[in-house]
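Heads up: take any position in the sequence shown, counting from 1, add 1295, and you land on the numbering used here.
Where is the CB? At the ideal position from N, CA and C, for every residue including glycine.
These numbers were taken from a predicted model, which means no experiment stands behind them.
Here is the structure we will look at.
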Amino acid sequence: MEFMRGYRRPADRWIGLHRAEGDEHWTWADGSAFSNWFKPQGGGQCVYLHGDWINSTLCHSEKFWVCSRADSYVLWRKGTNPQ
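Here you go:
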């Protein structure tokens, strides 16, 4: 969490964590499972850093990224399931 907080800025930033609609399990942009070491707030499918808070919202919201966006995440947003 301290690593994540090092990236807080005035603007919200996507962190690459997402879940399918109706699913409670989160997945990182590289396809690895999230180990639930924090609980994102909100009911959205994509997680972003907002100051000291980790929130979720709809994935189509415009936000900056903590790092470069993974190709697998782009494919996931287009409705394909990368392997």
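Closest in alpha carbon position to residue 1359, among 1349, 1319, 1347, 1343, is 1343.
Proximity to residue 1316 across 1338, 1331, 1361 peaks at 1338, based on C-alpha coordinates.
Just measuring C-alpha positions, the residue of 1334, 1361, 1357 sitting nearest residue 1350 is 1334. The Cβ-Cβ distance between residue 1314 and residue 1321 falls below 7 angstroms.
Residue state for residue 1353 is assigned as coil, using DSSP reduced to three classes. If you ignore the 5 residues before and after residue 1353, its C-beta comes within less than 8 angstroms of the C-beta of 1339, 1340, 1341, all in its own chain and listed in chain order. DSSP links residue 1309 through a beta bridge to 1343, 1360.
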